[in-house]
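Chemist: To convert, note that position 39 of the sequence shown is 493 in our numbering; the numbers rise steadily by one, no gaps.
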Amino acid sequence: MKPRCRAFLVEDNPRNLESLIPDLAEMAGAEVVGFVQREDDALEWLGEHAAEVDVVVLDMFLLQGTGLGVLNGMRSRGIDCTVVGLTNHATADTRARFSAAGADAVFDKMEQTEDFFAFLDTVVRRNRTDETA
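1. Give a yes or no on whether 7 Å exceeds the smallest Cβ distance from residue 514 to chain C.
2. According to DSSP, simplified to helix, strand and coil, what is residue 562?
3. Three-state secondary structure (DSSP) at residue 576?
4. If contacts are defined as beta-carbon pairs under 8 Å, then residue 541 and residue 514 qualify, I think. What distance do you get, rounded to the angstrom?
5. In whole angstroms, what is the alpha-carbon distance linking residue 570 and residue 475?
6. So, for residue 549: in the same chain, excluding its five sequence neighbours on each side, which residues have a beta-carbon less than 8 Å away from its beta-carbon?
7. Given a threshold of 16 other Cβ atoms within 10 Å of its Cβ, counted over all protein chains shown, does residue 523 qualify as buried or as exposed?
8. Could you pull out every residue in the same chain whose Cβ sits closer than 6 Å to the Cβ of residue 458, ignoring the five residues on either side in sequence?
9. Have a look at residue 519 and residue 491 and give me their C-alpha separation to the nearest angstrom.
10. Run through the segment 488-523 for me and flag every whole beta strand (DSSP E) of 3 or more residues, listed as ranges in chain order.
11. Would residue 516 pass as a contact of residue 466 if the rule is Cβ separation under 7 Å?
12. Residue range of the beta strand (DSSP E) that residue 541 falls in?
13. Whole angstroms are fine: how far does the CA of residue 473 sit from the CA of residue 576?
14. Give the range of the alpha helix (DSSP H) segment to which residue 460 is assigned.
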């Protein structure tokens, strides 16, 4: 059975990954199909597996590079899927930069987790509608 949503995570903090992976499964029915901590690794992984992903979740600051760099690299390579920024740095400037690069949404990790999961639910519902159409 196909999961409700297949997610790829780009997050540099192991503790955040440890909590986000089970939370995505429990709260959004999402299967995490991969995760990396660096911009170059993200672009390499997505270059090989983009068709297997419904949503990419990006942190802003990574061990190497940025989530914005990942997003720009995705778009320049023609990788087109739902992209969500999930960061502790969800300033107005960060939100504007993610939006200008083509992100579908940006959420603050500490203050907007419910909004993040509600957004993923809309992605899941949209994917199901697309599958039945």
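Cβ coordinates follow ideal geometry from the N, Cα and C atoms, glycine included.
Computed from a predicted model, the values in this text were never measured in an experiment.
Modeler: The structure says:
1. Among the chains in the structure shown there is no chain C, since it carries only a single protein chain.
2. Here residue 562 is taken as the residue at index 108 of the sequence shown, counted from 1. Three-state DSSP puts residue 562 in a strand.
3. Start at 1 with the first residue of the sequence shown, and residue 576 comes out as number 122. If DSSP states are grouped into helix, strand and coil, residue 576 belongs with the helices.
4. Start at 1 with the first residue of the sequence shown, and residue 541 comes out as number 87. Start at 1 with the first residue of the sequence shown, and residue 514 comes out as number 60. Contact flag correct, Cβ pair sits at about 4 Å.
5. Within the sequence shown, residue 570 is the residue found at index 116, counting from 1. Within the sequence shown, residue 475 is the residue found at index 21, counting from 1. If I take the Cα positions, the gap works out to 14 Å.
6. By one-based count along the sequence shown, residue 549 stands at place 95. 539, 560.
7. To locate residue 523, count along the sequence shown from 1; it is residue 69. Flag for residue 523 reads buried.
8. The residue you call residue 458 lines up with position 4 of the sequence shown. Excluding residues within five positions, the ones whose Cβ falls inside 6 Å are 483, 578.
9. Locating residue 519 in the sequence shown gives position 65, where the first residue counts as 1. Locating residue 491 in the sequence shown gives position 37, where the first residue counts as 1. Straight-line measurement puts the Cα of residue 491 at about 9 Å from the Cα of residue 519.
10. 509-512
11. Here the question's residue 516 lines up with position 62 in the sequence shown. Here the question's residue 466 lines up with position 12 in the sequence shown. Yes, the Cβ-Cβ distance between residue 516 and residue 466 is below 7 Å.
12. Start at 1 with the first residue of the sequence shown, and residue 541 comes out as number 87. It spans 536-541 - the beta strand (DSSP E) in which residue 541 sits, taken as one unbroken run.
13. Here the question's residue 576 lines up with position 122 in the sequence shown. Here the question's residue 473 lines up with position 19 in the sequence shown. Residue 576 and residue 473: Cα-Cα distance of roughly 22 Å.
14. In the sequence shown, the residue the question calls residue 460 occupies position 6. Looking at the DSSP string, residue 460 is not in any alpha helix (DSSP H); the run it does join, the beta strand (DSSP E), is 459-464.
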